[in-house]
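A.B. asks:
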Amino acid sequence: MNIGAVVGDWGAGAVNARQDVECVQALLTRLARRLGRTALDPLGVDGSIARPPATSSTVAAIRAFQAYAGVGVDGWIAPGGETWRRLVDAASACAGGPAAGDACFPFARPAVADWTHAPRSFGSNRSSGRRAHAGCDLYAPVGRQIHAVRDGVVMRDPYPFYAQTDALEIDHGDFVIRYGEIQQDCSLRQGDKVTGGQVIARVGLLVGISVPSAMLHLEMYDGSGQGSLTVAESASARRADGVPYLRRADLMDPTPFLNQWKLRLAP
1 MNIGAVVGDW
11 GAGAVNARQD
21 VECVQALLTR
31 LARRLGRTAL
41 DPLGVDGSIA
51 RPPATSSTVA
61 AIRAFQAYAG
71 VGVDGWIAPG
81 GETWRRLVDA
91 ASACAGGPAA
101 GDACFPFARP
111 AVADWTHAPR
121 SFGSNRSSGR
131 RAHAGCDLYA
141 PVGRQIHAVR
151 DGVVMRDPYP
161 FYAQTDALEI
171 DHGDFVIRYG
181 EIQQDCSLRQ
191 GDKVTGGQVI
201 ARVGLLVGIS
211 VPSAMLHLEM
221 YDGSGQGSLT
231 VAESASARRA
241 DGVPYLRRAD
251 LMDPTPFLNQ
261 WKLRLAP
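Quick note on numbering: UniProt numbering labels position 246 of the sequence shown as 246, and the sequence is numbered without any gaps.
#1: Could you give the DSSP three-state label for alanine 167: helix, strand or coil?
#2: Determine contact between the stretch 123-130 and the stretch 152-170, defined as no fewer than three beta-carbon pairs at a distance below 8 Å.
#3: Quick one: Cα of arginine 247 to Cα of arginine 126, how far?
#4: Please classify isoleucine 200 as buried or exposed, where buried requires at least 16 neighbouring CB atoms within 10 angstroms.
#5: Give every residue of the same chain whose Cβ lies closer than 8 Å to the Cβ of isoleucine 77, excluding the five residues on either side of it in the sequence, and list them in chain order.
#6: Contact between the stretch 47-55 and the stretch 113-123: three or more CB pairs below 8 Å?
#7: Taking alanine 201 as part of the beta strand (DSSP E), name the residues at either end of that continuous run.
#8: Locate the beta strand (DSSP E) running through aspartate 41, then write down its first and last residues.
#9: Determine the closest residue to alanine 12 out of Ile49, Gln260, Gly44, with distance taken between C-alpha atoms.
#10: By DSSP, does glutamine 260 sit in helix, in strand, or in coil?
#11: Using beta-carbon positions only, say whether leucine 205 and valine 142 come within less than 7 Å of one another.
#12: Out of Pro254, Ser236, Gln226, which one is the CA nearest neighbour of leucine 218?
#13: Kindly confirm or deny that the stretch 147-155 and the stretch 231-239 touch, where touching means at least three C-beta pairs closer than 8 Å.
#14: Short check: CB of glycine 225 to CB of alanine 240, under 7 Å?
#15: Distance check for leucine 168 and leucine 31, CA to CA, integer angstroms please.
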């Protein structure tokens with residue numbers, strides 16, 4: 001699938017051939033409905049771009065998608081360009097879930113809030129700045145299904161984690177993920193194999209603390225370390241300013257991965 005020429009903002013030199021515009025509009029419409037994001041909806045598949053561009057719902061939807069996908073926001077899509085590739089990948093994922101070997105978002109619906117701002121973000125302050133947040137918090141209602149982001153193997157039985165919730169560790173090959181703050185009824189056990197998109201747990205209720213939302217607390221490791229993921233300060237990975245995460249040295253920032261996976265929701 002491809003378009004023959006640039007689609008979008010007339011002022012950027014777009015050609016806006018009718019069949020190309022219809023193709024882009026159809027992909028944006030599919031994505032808007034699947035993600036529940038009205039800003040991505042071009043409000044019709046009619047093959048036309050209004051003039052001036054500021055009045056075009058299709059150009060507005062292109063800009064909204066670019067902002068959502070984390071690419072340059074310029075209001076136009078070039079054949080084979082980054083925006084086009086991201087749009088096709090995202091729309092294809094919406095149509096049928098992740099392909100074999102591809103990673104997907106751990107929810108079938110978007111998180112309630114972003115994971116790029118404190119207090120949800122990786123590295124944000126905890127314990128009055130004495131500790132750094134070791135993962136990303138994906139806000140969601142209690143009981144929401146959590147999906148494996150990719151094929152993998154359960155590394156250990158679920159275990160108590162925080163405020164009467166559990167955690168589950170899965171080796172996904174190139175990385176390890178700790179799925180934290182899950183309900184205490186997970187049936188997976190050490191050695192079990194999971195497939196990408198498989199339901200593995202549910203978002204748990206945090207007991208005895210005040211938080212804006214229930215959540216999946218997601219931590220990521222490159223797998224080069226050994227032993228417990230939670231460690232003493234002396235052995236901890238550290239933020240650039242020296243604040244410890246109290247996590248193993250192979251800790252990774254999951255933010256850029258989640259920013260990609262959000263375009264490929266679990267089936």
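We put the CB at the ideal spot given by N, CA and C, even for glycine.
The structure presented is a predicted model; accordingly, all values stated were derived computationally and were not measured.
C.D. replies: Let me lay it out:
#1: strand
#2: no
#3: 13 Å
#4: buried
#5: Ile3, Val6, Val7, Gly8, Val24, Ile62, Thr83, Trp84, Leu87
#6: no
#7: 199-202
#8: Here aspartate 41 belongs to no beta strand (DSSP E), and DSSP marks it neither H nor E.
#9: Ile49
#10: helix
#11: yes
#12: Pro254
#13: no
#14: no
#15: 31 Å
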